[in-house]
Each structure stands twice: as structure tokens, then as C-alpha cells.
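Since the structure comes first, as C-alpha cells, the remarks are kept for the end.
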Amino acid sequence: MRSFFFKLIKYKYIKSQIFTNFANCFEFMMKFTLQAIADIVNGIVEGDSNLEVWQLAKIDDLAAAGSIGFFANPRYESYLYTTQLTAILIAKDVVLKKEILPALIRVDDPYTAFTILLETYSEVVQQQYIQTKQGIEQPSFVGKGVQKGANLYIGAFAYVGKDVILGNNVKIFPHTYIGDNVQIGDDTIIYAGAKIYDHTIIGKHCTIHAGAVIGSEGFGFAPQSDGTYRNIPQLGKVILQDNVSIGANTTIDRATLGETLIAEGTKLDNLIQIGHNVSIGKHTVIAAQTGIAGSTKIGNNVMIGGQVGLAGHINIPNKTRIGAQAGVGKDPQEEGETLLGSPAFAVKQYMKSHIIFRQLPQLQQRVEALEKILKS
Amino acid sequence: MRSFFFKLIKYKYIKSQIFTNFANCFEFMMKFTLQAIADIVNGIVEGDSNLEVWQLAKIDDLAAAGSIGFFANPRYESYLYTTQLTAILIAKDVVLKKEILPALIRVDDPYTAFTILLETYSEVVQQQYIQTKQGIEQPSFVGKGVQKGANLYIGAFAYVGKDVILGNNVKIFPHTYIGDNVQIGDDTIIYAGAKIYDHTIIGKHCTIHAGAVIGSEGFGFAPQSDGTYRNIPQLGKVILQDNVSIGANTTIDRATLGETLIAEGTKLDNLIQIGHNVSIGKHTVIAAQTGIAGSTKIGNNVMIGGQVGLAGHINIPNKTRIGAQAGVGKDPQEEGETLLGSPAFAVKQYMKSHIIFRQLPQLQQRVEALEKILKS
Amino acid sequence: MRSFFFKLIKYKYIKSQIFTNFANCFEFMMKFTLQAIADIVNGIVEGDSNLEVWQLAKIDDLAAAGSIGFFANPRYESYLYTTQLTAILIAKDVVLKKEILPALIRVDDPYTAFTILLETYSEVVQQQYIQTKQGIEQPSFVGKGVQKGANLYIGAFAYVGKDVILGNNVKIFPHTYIGDNVQIGDDTIIYAGAKIYDHTIIGKHCTIHAGAVIGSEGFGFAPQSDGTYRNIPQLGKVILQDNVSIGANTTIDRATLGETLIAEGTKLDNLIQIGHNVSIGKHTVIAAQTGIAGSTKIGNNVMIGGQVGLAGHINIPNKTRIGAQAGVGKDPQEEGETLLGSPAFAVKQYMKSHIIFRQLPQLQQRVEALEKILKS
């Protein structure tokens, strides 16, 4: 069952995965003093705090000078006395049995400290990179009445329609299309080739990944008596609140009337479909290739796995968890339920039924055996 | 079961949804006389037909002057005598018990009249908007031998290849790619960043949404004896007939030889995959994220829900209905069947089986109980 | 069961499909002598080897002069003596009963020879077409330090970032976005509007279809104690080895650290999602709309159907086959297994269980009948 919640569960694995992927050595693009590192991880230097390191390495490697590693697992204790690391993140209560080469940075939890170090470094690098994007590359198209914030980047071949309002530090990568009357808040990044239709409102600190389409006309067709379909115009819009992330090639339809809403802090993965007039609450995460039909309301802190389908016009309460590939067709009864299957029901019940599903031929044979006994 | 057909069923909900989303008040962008409105809804004015309204409102609201509402549900009768609406759509047979403020527009069915009013207004707004798109923005790229109809719009950064034929009123939004020898019929709209490969033929009154890819090479790879795959060139094309709608980021592969065909009036939602040499009949609707493998033929007036998968080389008869997330691997036997599940079978049978699936642990216990009784 | 493996099975159908789609007549865009054709199909001409043909036709058609067909099925023997074909591909051991009009090209297997002829022709046409794409169209954007190979094509509105390395015969279609420090090997084609993020490495002879997004930030968000999510920077990259094909609007996330890897000869269909740090082996084929969660490793020569979901952090051994719409949550035990269902298990077992699933109401009735008998 663990594994089946695949895309949900991945959030738990992010930290361990950093180590898995970390391989043996990771080189920084700058040098840090041990004091600077101690400040980041809330630790205390034992040794020369002016020493510099410029790469991360495992303690069991043939680590070169200039590297920092961590000591958490007692099995690796022997390495402590032989390693060539310049510094080691180490727990406050570890007592060394003899002298060692590396300086120490004493911390509460070396594993967590190492993770924080890597994440902090990553954020610095990413921030530095994004701040190199400045100014308006040519050719680009900026319509009449556009309001521009400070530190703006507009990439070549980007199109910004009439009366668009762009906040400070907005970064618009090449080939982005922004329709008329769009509003984009401070520090929002829109990657290459995203398409934002007219009247969309995007908050602060949002990230829109390449190829995402926000505000396209929903799938509204009224069946006619002759079997044809008539197009229903879609006059509403899309609102993304602050800190929202939208994955690559994800599509979000605008409302028929009113708005399609993605609330604060919610994260959507790639290739997701959000129908017209859908409303998604705060701090909800949705994995790739999930589809949500029109007018469905999703609460706060919901987790939805990959390839899930949600019917239109239903309500998903706060903290609901929906496993990958589930199909939800009616309102869950209460907050915090965990659902699986298509149509979906409680995950524990689903897994019990599924185990018997796998053994249905045997169950049928047992029924046959009983029938034979009773006949004779 | 209703709810499980999620994306199918939504077509029925479109009208009610207009009201759901309509909230309390909707402001027109222009003023209408009551006579103009009576003409739209086929009604008769009782009162001053020169009065003007500029917004829609509910009868149970604190509606302001300048608003028009409707009276359909007898429960709301008391509001008739207190509302500040300027005009009310009302059935022909309603007898008022005392004098009221609003003028009346007598119609057969006030609910339908209100819907028609809203839809008509929406269409006018949309038409007016699209007609503001005129001329050729710069920079754009138009190849040799391109034939251009009247009232053409080519947005900035659009690319139109050689020998392309563009009808009247064709609107090509920014970043659109149109390959060589493409034909596009009158009144067709192609939104930002759609990619139309060489030789594609698109009919009249079609809508291609942002990011759709039409005519890309199908997934044709011949397995070789050494375990590698050889690419099979795809020389065919894609034909979209009149009144076809293609959703955002949907992909339609061109034929190996011959054509991939989407017939008249058919509507495809977002993120759909159509394989090479697929043929889809007239007035068929397909919801988001459905995939159709190569060479499958789909009839007329078929309805397919979201996230459905259809095998290659099968035939789906006219009027078949396929529920969301179904997987169809063989030809349905007759017209008009309704299918669900993966592999799919008749929906009623599916739902019966699914109810027992949910109770499999109990069924197994009953078999165990029988076995115990017979043993003893 | 055959049909359910839909998108897998299609590889077997490619040849027959060429004939299905071939209709009645296919005209070459050039003329071939019979000797040239004999050279292509490894055959021997009986008759005038300088005769020219310029179309393919069926033997049972009213074939015009200038056509070449094939004779494989004895049922069509009578046509041999009446057809107007200029030449026929025919098996070496066929003995003619009387004189015929067409010249013969004797081959081992006429059906295979005909296929080879069509494929070879298709490849020539495609090669010729792609070689017409030469030079740098304007406006386009080429950053500092870009290394350009011979016979390069950069379409209008394409964006090539800083320090990009482009091999020989690289073809970059309009609206393509290529970030900084990307490397692209010889003979690789990138179709319109694909987005390649910074630091991606693409091998030789690759094809990237329109709208594909390669190297976007993965879905990495660490849950915080207050219910919000913190963004985990993604500093890794994507590597595509030689002869890789990526479908339209497919998305491939870059690694958190290290790399997301698609190995040599692997083919991905449209609208696929590949999570961060996924590794896919050699000569693996994956059909449309499949999603693979982060850090999963897939072996060589694996076949994955459409709309499949794979959990994160699992290992799929070499030669595994996964049927359409399956959900795989844990490691298959050995090489070469065939899986179906969600959660997936062995296909034979799945189909047996599914047959009983369809008859669950009857099974339940049988249990009820037994219960009644035992009660009375």
C-alpha cells in the first residue's frame, strides 16, 4: 500500500532522495568559511572557523581537502579517524576516541544539518541565477498601457498584451504569451512558452512552468436537439493567489462566469487539467496528469496523487488524501479521508477487496467445491 | 453512478451551472432596452419597452435599478412585490396579485429565457472581442505564396510557412506555428502557441486552443531483431472538418499514410492524445486527458469521458457512451452502448460488480462460514 | 487480452497498418527504374529493368501503367493475367501459367519487399524534406558563445541561449526555446515550440517533438509543520542519449541533483510525464500519457502501454511489459514479467480475476443459494 500512493508518498522521500542522488561529491560554485556554514546550520565550530570548503562529500569517500561531510551513523565511525574531509557536521554528544584531521561543526542532528546546508546552497544558486535575468530582450512585444515593476525581465519573443500590470522582480521568459488586462504580482516567474489568457490574475511569488496554459476557454458545449453542440462562451477568468506553482504543460480553464481559483500556496504538477469554475483551497498538492472536471471545489491541505480523476460539481473536504489513479465521483463524507480506486472508496477497504480480487479464481473454486458437496 | 460519468454528465449541467456561477449580479458591458431583450428571448413587454437594463440580478437580491431578473419558482413570489429590479422575465400565465414596480417581459419559460439572454450576451461579447483582432502584428513571419483572406489577424511572433491558404476572418494568435501547405477555413481561430504541422487541412469555424499540436509524427517504431527500434516515417496528414474544437495542449498525430480525421462538429477537450490514422465521426465529444491509439475509428455522436483509453485498430459505433477512466480494448457490439471499467463492459453490469467488489471481504467470510459448517 | 494491451500491441501492427492505410494507390514524388527498385528490395528483374514506375497500387485495382504492386495471396492469382501494373513483386518460386503484361521483380517475400519499398521511399522523402531546412531565419535570437555545426537550421523566433553547443545537421524549428549551456548532438531535430531548459544534454539523431518541455523543475516541495510547502530547488539536469525520441507536449523534469536520464534508442510518445531523477534504460518504448514518478529506474527493452502510472523510487527490470492503464507501485520480481491492473500484477492472473469480477453478482447469488440450502 505504501508504494501505491506513489506520488503522494514522494513528499516524504524528498530528503532521503537528496542523499540518494547526491552521489559521492557535490561541488559548490563558491567557497564558504566554516563559520558561514555554522551560521546556516545553527552549529558551533570546533577548530579553525576561517577554513574554507567548496564541496560536499561522504565520509566514506576518498574525500579531498576542501570538502565538508557529516557523521550520523555509528557504523561509519572508523572513517572519522582516516577521512581527509576539511570539516564534519557531527552531533553535540559524540565523544571522539582520538584526534582527527577535520574541524568539527557541532549540531543537534548532523543529517538534518547536511540537508539544510544543501537546500540553502541550492536556493542561493537559484536566486542568483534568476536575478541574472534582467531587462527587456529584443525583439519582444509590449502592448499599450503596460505597467512595469522594478527588476523586470521580458525575454525575446515574449508577448505582453494591453494594460497588463507587472509587479517588481517579475521574470517573463522567452515565448511567453500574456493576454490583455493580465495582472502579475511581485517575484513571480513565468517560464518559456507559457500562455496566460486575458484577464488572468496571478499573485506574488508564483511559478508558472513552460508550456502551461492558463485561462483557456473551458469545454462548454450545449447539446442541441439535432445532435450537434453549441459553444457556450466562457466569460470568466482564472485567479492564482500567492505562492502558487503550476507545472509544465498544465492547463487551467477560465470560468464560464466568475472565476477558476487556485488559492494560496497550492502546488500543481505537470500535465494537469483544471476545468472551468474549479476552486482549489490553500496548500493543496496535486501530482501529475490529474484531471478535475468543471465546478468542483477542493479544500485546504488536500493531497492528490497522479492520474486521479475528479468528477464535476463535487466537494472535496480539507485534508482529504486521494491515491494515484483514483476516480472520485461523489463527495467524501468527512475531512481527512484517504481514498483509492475507481470509483474511489476508503483505502483500507480498497486494499482488502483488492487482495481478494487477486484470488477470485480460488474463491470461485471454493464455491464450486461447496456446490459439489451439497449436490452429492 | 450518476456522478461517476463525471465528464460526460457535465454537458447536462451546463445550464444549471450558469446559474450556480452567476452569483448574485452580472453586469453587461452595454445597455439594452426591454424591447431589445424581448426580441432576443421571443417575449412581449408589459410596461415601458424603452426602459434600459445593464445587469442581470436574482429576484431575491437587493437588486438595483437597471437590473433584469426572472421569476420561475413560486417560492419566491413574495419578492415580486418588493424587488427593485427594473424588469422581470415571467411566464405568460402568471397572474399578479397586486401592482409591482418592475416592467414585465412575458415568455414561455422564464428560466430558459434568462439562459438565452445570458448566452446571447456572451456570444456578442466574444464576437466583438475577436473582431478587434485585425491585421498583421510585427514581427511575424509569413512565407512565400501565402493566400490571405479578408479580416485576417496574425499576431506577433506567429510563423506561417510557404503556400499556406488562410480563409476570411481567420485569427492567428501570437506564437502560433503553421507549417508549409496548411489550409485554414473561414472564421477559424488559432490561439497562442498552437503548432500546426505541414499539410494539415482545417475547416471553417474551428477553434484550436493554445499549445495544441496538430500533425506531429505518430509513434511509429518497428522493432528490430536486435531489440532496437527503427523509425517509420509518417507521410500522411491531419484533416479537421468544419466546427471542430481542439483543446489546449491536445496532440493529434498525422497519419502514416492517408489521414487522421476529425469530422464535422466534433469537440475535443484539453490534453487529449489522438494517434495516427484515427478517424473520429461527427458531433462526438471527448473529455480531457483521453487517449486514442492508432487507426481506431470512432462513430458519430459518441460521448467519451475524461482519462479514457481506447486501444488501436478498434471500431466504436455511433452513440456509444464511455465513462471516465474506462479502457476499451475491443469493438462494442452495437450502437448506443454505455461502457465503464478497464477493460470496459456494460455500465450497469460494471456497477453491480463494483458494489460486490467493495464487499469482497464479507463475501469471502460467508464462503468460509459455509466451509466450516460443511466440515463439521 | 490481445486488445487490452492496446498501445503495446500496436508495434506489431505497424506493417499491416501500412497496407490498411495505403488505400488503393500511392503516388511517389519521383520515378524509379525497376532496377533501382530491385536494388532496394534485394530482388531480380525479369523483363525490362529500365522501365519506370512512379506509384504503388494493389494488384486487384484498375492499376494504371507506371504502377508497381505485389502478388502474395494465391486468391488473387487471376488478377496476375489481367492487371495493367507495370511491374509486380513476386516470390521466386511462383510459376506463371501464361504470359502476363507486367515485368516481374523476383523476391523472397513479396509482402515484406513491398513494405521495405514503401518505408525506404518514406525515409528518402523525409530526409529530403528535412534537408531543405537550412540557415538561420530572422528574427531569431542566438546568445553569446554559441557553437554552430554545419548545415544548421534555426527557424524564425527560435531562442538559443548562451554557450549552447549545436552539432552538425541540427534542425531547430521556429519558436523553440533552448536555455543556456545546452548541448545538442549531430542530426538531432527539435520541432516547433519545444522548450529545453539550461544545461540539458541531448545526443545524436534525437527527435524532440513540438511542445515538449525538457528540464523543467521537478515537483519538489517539502511539507512544513504549519501545513505549507517549501520549494526544494532542483539543480540537476536532463540527459538524452543518442537516438532518443520525445513526443509532443511530453514533460521531463530535471533532477534535484545529478541527472534525469533517457538512455540510447528509447522512444517516448506524446503527453508523457517523467519525474525528476528518473532513469530509463536503452531501447525502451513508452506509449502516450504514461506518468513516471521521481527517482524510478526503468531497465532496457521495457515496453509500457498508454496511461500507465509508475510509483516513485521503484525498479522496473529489463524486458518488463506493462499493459495500458496499469499502476505499478512496487518492484516486479524478475525480468520479462507482463503486468496489468492497478495495483498491477501478472497479466494472466489479472485477466482470470477480471472475468470473475464481471460475474460477481452471479457468484454472490451462488453463495446465497448455498446459504439457503444449509439453513433449511
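Top line first, the protein sequences correspond to chains A, B and C.
Numbering-wise, the first sequence is residues 1 to 376 according to the working numbering.
Numbering-wise, the second sequence is residues 377 to 752 according to the working numbering.
Numbering-wise, the third sequence is residues 753 to 1128 according to the working numbering.
Don't be surprised by glycine CBs; every beta carbon is placed ideally from N, CA and C.
Practice prompt. Please state if the CB of I868/C and the CB of V797/C are separated by a distance shorter than 9 Å.
Written response: For the purposes of this step, residue 797/C is taken as residue 45 along the third sequence, with counting starting at 1. For the purposes of this step, residue 868/C is taken as residue 116 along the third sequence, with counting starting at 1. The answer is no: Cβ separation not under 9 Å.
Fill in: Interface residues of the region 815-834 of chain C facing chain A [CB-CB below 7 Å]
none
Worksheet item: Of all the CB atoms in chain C, is at least one closer than 9 Å to the CB of I749/B?
Response: On the second sequence, residue 749/B is found 373 positions in, with the first residue counted as 1. Yes, I749/B lies at the interface with chain C (some Cβ there is under 9 Å from its Cβ).
Worksheet item: Contact check, N300/A vs G281/A under 8 Å by CB: the rounded distance?
Response: Against the first sequence, residue 300/A aligns to sequence position 300. Against the first sequence, residue 281/A aligns to sequence position 281. The beta-carbon distance between N300/A and G281/A, rounded to whole angstroms, is 4 Å. This is short enough to meet the 8 Å contact definition.
Item to complete: Could you work out which residues of chain A lie near S498/B, taking near to mean beta carbons separated by less than 9 Å?
Response: Along the second sequence, read from residue 1 onward, the residue named residue 498/B stands at position 122. Within chain A, the residues near S498/B are I232, P233, Q234, L235, T256 and L257.
Practice prompt. Please state whether DSSP places Q1025/C in a helix, a strand or coil.
Written response: In the third sequence, counting from the first residue as 1, residue 1025/C sits at position 273. DSSP places Q1025/C in strand when its eight states are reduced to three.
Worksheet item: Would you say P361/A reaches chain B, if we count a Cβ-Cβ gap shorter than 9 Å as a contact?
Response: Against the first sequence, residue 361/A aligns to sequence position 361. Not one chain B Cβ lies under 9 Å of P361/A.
Worksheet item: Who are the Cβ neighbours of K524/B in its own chain at under 7 Å, not counting the five residues just before and after it?
Response: The residue you call residue 524/B lines up with position 148 of the second sequence. Taken in chain order, the residues that qualify are L542.
Item to complete: In the DSSP assignment, find the unbroken beta strand (DSSP E) run with I105/A in it and report its ends.
Response: Sequence index remark: in the first sequence, residue 105/A carries index 105 (1-based). Note, I105/A: beta strand (DSSP E), A103 to V107.
Discussion item. Restricting to Cα atoms, I'd like to know which of L837/C, S1094/C, P1069/C and T1003/C is closest to H1028/C.
Written reply: Within the third sequence, residue 1028/C is the residue found at index 276, counting from 1. When only C-alpha atoms are compared, the closest one is T1003/C.
Worksheet entry | Whether Q649/B touches A1040/C by CB criterion (9 Å) | Here residue 649/B corresponds to residue number 273 of the second sequence, with the count starting at 1. Here residue 1040/C corresponds to residue number 288 of the third sequence, with the count starting at 1. Cβ atoms of Q649/B and A1040/C: closer than 9 Å.
Worksheet item: If you measure from the beta carbon of N380/A to each beta carbon in chain B, is any gap under 9 Å?
Response: This structure leaves residue 380/A out entirely; chain A is present only between 1 and 376.
Fill in: Proximity below 9 Å, CB of V367/A to CB of R1118/C
The sequence position of residue 367/A within the first sequence is 367, counting from 1. The sequence position of residue 1118/C within the third sequence is 366, counting from 1. Result yes, Cβ atoms of V367/A and R1118/C sit closer than 9 Å.
Fill in: Amino acids of chain C, ordered along the chain, whose beta-carbon sits closer than 8 Å to that of N270/A
Reading the first sequence from its first residue, position 270 is the one you call residue 270/A. Chain C residues near N270/A: V965, S968, F971, T1003, D1005 and Q1025.
Discussion item. Within 10 Å of its beta-carbon, does T1072/C have 16 or more other beta-carbons around it, so buried, or fewer, so exposed?
Written reply: Locating residue 1072/C in the third sequence gives position 320, where the first residue counts as 1. Buried, since its Cβ has 16 or more Cβ neighbours within 10 Å.
Worksheet entry | Among I638/B, A534/B, N527/B and S498/B, the one whose alpha carbon lies nearest that of A510/B | Numbered from 1 along the second sequence, position 134 holds the residue referred to as residue 510/B. One point to set straight first is that residue 510/B is Gln, not Ala, in the sequence displayed. Per the Cα distances, N527/B.
Discussion item. For K751/B, report the span of its alpha helix (DSSP H) as first-last.
Written reply: Taking the second sequence and counting its residues from 1, one reaches residue 751/B at position 375. Residues L736 to K751.
Fill in: Residues of its chain near Q976/C, where Cβ-Cβ distance is below 8 Å and the 5 sequence neighbours each way are ignored
Position 224 of the third sequence holds residue 976/C. R982.
Item to complete: Please work out which residues of its chain come closer than 6 Å, Cβ to Cβ, to K947/C, disregarding the five sequence neighbours upstream and downstream, and give them in chain order.
Response: Here the question's residue 947/C lines up with position 195 in the third sequence. For K947/C, where only same-chain residues beyond five positions count, the Cβ hits under 6 Å are Y929 and V965.
Worksheet entry | Cβ shell of A489/B (< 6 Å), same chain only, five flanking positions each side left out | For the purposes of this step, residue 489/B is taken as residue 113 along the second sequence, with counting starting at 1. Around A489/B: V417, L465 and V483.
Worksheet item: Taking buried to mean at least 16 other C-beta atoms within 10 Å of its own C-beta, is P361/A buried or exposed?
Response: Taking the first sequence and counting its residues from 1, the one referred to as residue 361/A is at position 361. Label assigned to P361/A: exposed.
Discussion item. Less than 9 Å between the C-beta atoms of T260/A and L235/A, yes or no?
Written reply: On the first sequence, position 260 is the one that residue 260/A refers to. On the first sequence, position 235 is the one that residue 235/A refers to. No, these two residues do not count as a Cβ contact at 9 Å.
Worksheet item: Taking all protein chains shown into account, do 16 or more other C-beta atoms lie within 10 angstroms of the C-beta of V95/A, making it buried, or fewer, making it exposed?
Response: Mapped onto the first sequence, residue 95/A falls at position 95. That one is exposed.
Fill in: Counterpart residues of V53/A in DSSP-defined beta bridges
For this step, residue 53/A is matched to residue 53 along the first sequence. DSSP lists F32/A as partners of V53/A.
Worksheet item: CA-CA distance, V164/A and G294/A?
Response: Residue numbering aside, residue 164/A sits at position 164 when the first sequence is read from its first letter. Residue numbering aside, residue 294/A sits at position 294 when the first sequence is read from its first letter. Using only the alpha carbons, I get a separation of about 27 Å.
Discussion item. Is there a Cβ of chain B sitting closer than 9 Å to that of V912/C, yes or no?
Written reply: Working through the third sequence from its first residue, we reach residue 912/C at position 160. So, not an interface residue.
Practice prompt. Write down the C-beta distance between T576/B and K520/B rounded to the nearest angstrom, noting that I regard them as a contact closer than 8 Å.
Written response: As a first step, residue 576/B is located in the second sequence; it is residue number 200 there, counting from the start. As a first step, residue 520/B is located in the second sequence; it is residue number 144 there, counting from the start. Going by Cβ atoms, the distance from T576/B to K520/B rounds to 18 Å, so no, they are not a contact pair.
Practice prompt. Tell me, please, whether the CB atom of L118/A is closer than 9 Å to any CB atom in chain C?
Written response: Within the first sequence, residue 118/A is the residue found at index 118, counting from 1. Yes, contact with chain C.
Practice prompt. From the DSSP output, in three-state form, read off K171/A for me.
Written response: Counting from 1 along the first sequence, the entry for residue 171/A is found at position 171. Looking at K171/A - three-state DSSP - the assignment turns out to be strand.
Practice prompt. In the DSSP assignment, find the beta strand (DSSP E) that holds Y229/A and state where it starts and stops.
Written response: As a working mapping, residue 229/A is identified with position 229 in the first sequence. Y229 to N231 is the extent of the beta strand (DSSP E) around Y229/A.
Discussion item. Below 8 Å on the Cβ atoms is my contact criterion, and I expect A324/A with G305/A to pass it. Report the Cβ-Cβ distance as a whole number of Å.
Written reply: Taking the first residue of the first sequence as position 1, residue 324/A is located at position 324. Taking the first residue of the first sequence as position 1, residue 305/A is located at position 305. Indeed, because the Cβ distance is near 3 Å, the residues count as touching under 8 Å.
Item to complete: Compare the beta carbon distance of H957/C and D994/C with 9 Å and say whether it is the shorter of the two.
Response: Position 205 of the third sequence, counting from 1, holds the residue named residue 957/C. Position 242 of the third sequence, counting from 1, holds the residue named residue 994/C. Closer than 9 Å, so yes.
Item to complete: For chain A, find out if any of its Cβ atoms is closer than 9 Å to the Cβ of T772/C; answer yes or no.
Response: Numbered from its first residue, the third sequence carries residue 772/C at position 20. Note on T772/C: pLDDT 42, under 50, position unreliable in the model; the coordinate value appears next. Taking Cβ atoms only, chain A never reaches closer than 9 Å to T772/C, which makes this a no.
Practice prompt. Give the secondary structure of F909/C by DSSP, where H, G and I count as helix, E and B as strand, and everything else as coil.
Written response: In the third sequence, residue 909/C corresponds to position 157, counting from 1. Residue state, collapsed to three classes: coil.
Item to complete: Look up K148/A in the DSSP assignment and give the residues it is bridged to.
Response: Here residue 148/A refers to the residue found at position 148 when the first sequence is read from its first residue. According to DSSP, K148/A bridges with L166/A.
Worksheet item: By a C-beta neighbour count over all protein chains shown, 10 Å radius and 16 as the cutoff for buried, is Y159/A buried or exposed?
Response: By 1-based counting over the first sequence, the position of residue 159/A is 159. Its Cβ being crowded by 16 or more others within 10 Å, Y159/A is buried.
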